[in-house]
Amino acid sequence: MADLKASSDSLPLPQGGPRPLASRAQRLKAYMMEEVDGDQSTAPLAAYSFMTGYIDAVAFSAIFVWCGFQTGNFIQLAVALARLFERGADKAFHLPDRQALASLIAFNAGAFIGRLGDWIGPKKRLWLVFGTFLQTLFLMGASIVLWTSGQGSIASDRGAPAWTNLRAYVGLVFMSASLGLQGIQAKRLNTQFGTSIVLTTIWVELMSDPKLFNIRESVRTRDHRLLAAGALFFGGFVSRSILAEIGAAGALGVGTGIRFLIALSWMFVPGK
1 MADLKASSDS
11 LPLPQGGPRP
21 LASRAQRLKA
31 YMMEEVDGDQ
41 STAPLAAYSF
51 MTGYIDAVAF
61 SAIFVWCGFQ
71 TGNFIQLAVA
81 LARLFERGAD
91 KAFHLPDRQA
101 LASLIAFNAG
111 AFIGRLGDWI
121 GPKKRLWLVF
131 GTFLQTLFLM
141 GASIVLWTSG
151 QGSIASDRGA
161 PAWTNLRAYV
171 GLVFMSASLG
181 LQGIQAKRLN
191 TQFGTSIVLT
201 TIWVELMSDP
211 KLFNIRESVR
221 TRDHRLLAAG
231 ALFFGGFVSR
241 SILAEIGAAG
251 ALGVGTGIRF
261 LIALSWMFVP
271 GK
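Numbering of the sequence shown is given in full-length UniProt numbering, commencing with residue 1 and proceeding in unit increments.
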């Protein structure tokens, strides 16, 4: 009897029923904090490249300044600075030079904001959705200020910029910050799309790809780079077509809607 009592005391106690299911809020939080699979992020990253061409076409058509290709803007500033020391040269810091400087600073500020993703998790769904939505707000702000600026949308045939007043500067700043933030988000995913902004590196890597001419098989490194280039080109084409019809503010308004859809698309990218 004593042995029977001792063995019964060692038996595990019955559990208090099945564990309660996680609430919807808990499941959503877990889903949003999940890291996405970069290899399956082709659609939103191609859309990022599309937006690079889209936004740059608006800015270049108006003031011959790139919002995303900061190499050109940086060299433009170097040339402007050197001109100040030339004998007999115009000593003024011209409007296009000031606009290039504003774009460069805003782009880097947007990229710096992207460092928030390092704190949240650069590949986590929450950051990708939130960061892209922040890009959407930047683009919406650019659309609004350009609409209220009273400025044109396309530079004159003689090369005079269409944007000259303060509100147009603010619009340029918002556009550049949007692409700066996009660049760091894409870079952190470490895919063949790179930053989704600068194509010079992509072209070099494409031309040096050992499987460049293996046209009978799918090659991710080659195909995704070609997709990035094609998406950027198509974005510039679409942007200019819309710009000619409804102006810069309207074109950026359409771009705002596209940005919002890209933000939502991160919800459907599979996790790792």
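Cβ coordinates follow ideal geometry from the N, Cα and C atoms, glycine included.
Which of the three DSSP states is assigned to residue i in this structure?
| i | result |
| --- | --- |
| GLU217 | coil |
| GLU86 | coil |
| GLY236 | helix |
| THR164 | coil |
| GLY246 | Checking the sequence shown, residue 246 turns out to be Ile, not Gly. In this structure, ILE246 counts as helix in the three-state DSSP scheme. |
| PHE64 | coil |
| GLY159 | coil |
| THR191 | coil |
| PHE74 | helix |
| PHE138 | helix |
| residue 274 | Since the first residue of the chain shown is 1 and the last is 272, residue 274 is not available in this structure. |
| ALA2 | Interpretation of ALA2 is limited by its pLDDT of 49, a score under 50 that renders its predicted location unreliable; the figure taken from the coordinates is listed afterwards. It is helical. |
| GLY257 | helix |
| LEU172 | helix |
| VAL145 | helix |
| SER8 | Note that SER8 scores a pLDDT of 46, beneath 50, so its modelled location is shaky and nothing firm can be said. |
| PHE69 | coil |
| ILE197 | coil |
| ARG24 | helix |
| PRO210 | coil |
| GLY131 | helix |
| LEU264 | helix |
Please name the residue or residues paired with residue i in a DSSP beta bridge.
| i | result |
| --- | --- |
| LYS124 | GLU35 |
| GLY271 | VAL36 |
Sort the options by Cα distance to residue i and report the nearest one.
| i | options | result |
| --- | --- | --- |
| LEU45 | THR132, ALA22, ALA80 and ALA160 | THR132 |
| LYS187 | GLY141, ILE202 and PHE74 | ILE202 |
| GLY150 | PHE138, ALA168 and THR136 | ALA168 |
| ALA57 | GLY257, ALA244 and GLY183 | ALA244 |
| ALA263 | ALA100, GLY171 and SER41 | SER41 |
| residue 285 | GLY141, ALA162 and ASN214 | Past the boundaries of the shown model lies residue 285; the chain is included only from 1 to 272, so the question cannot be answered. |
| GLY114 | THR195, PHE50, HIS94 and LEU206 | THR195 |
| PRO96 | GLU86, ILE75 and LYS29 | ILE75 |
| ALA78 | PHE69, PHE64 and ALA100 | ALA100 |
| LEU199 | ILE144, THR71 and ARG216 | THR71 |
| ARG98 | VAL170, SER153 and ASP37 | VAL170 |
| TYR247 | GLY152, ALA25 and GLY68 | Here residue 247 is Gly; the residue named in the question, Tyr, does not match the sequence. Residue GLY152 is the option with its Cα nearest to GLY247. |
| ALA162 | TRP266, ALA249, TYR54 and SER61 | SER61 |
| PHE64 | SER143, LEU172 and ASP39 | LEU172 |
| PHE50 | GLY236, ALA251 and ARG240 | GLY236 |
| ALA47 | GLY271, GLY250, LYS272 and VAL238 | VAL238 |
| GLY53 | LEU261, ASP209, ALA251 and LYS29 | ALA251 |
| LEU110 | PHE260, GLN185 and THR191 | Before going further, note that residue 110 is Gly rather than Leu in the sequence given. Cα-wise, what sits closest to GLY110 is GLN185. |
Problem set entry | the segment 156-173 touching the segment 116-134, judged by at least three CB pairs closer than 8 Å | no
Exercise. Can you find at least 3 beta carbon pairs, one from the segment 164-179 and one from the segment 128-145, that sit closer than 8 Å?
Worked result: yes
Problem set entry | Contact between the segment 77-85 and the segment 228-248 (3+ Cβ pairs under 8 Å) | no
Exercise. Three or more C-beta pairs closer than 8 Å, one from the segment 255-267 and one from the segment 211-228: is that the case here?
Worked result: no
Exercise. Can at least three beta-carbon pairs, one atom from the segment 102-113 and one from the segment 205-222, be found at a separation below 8 Å?
Worked result: no
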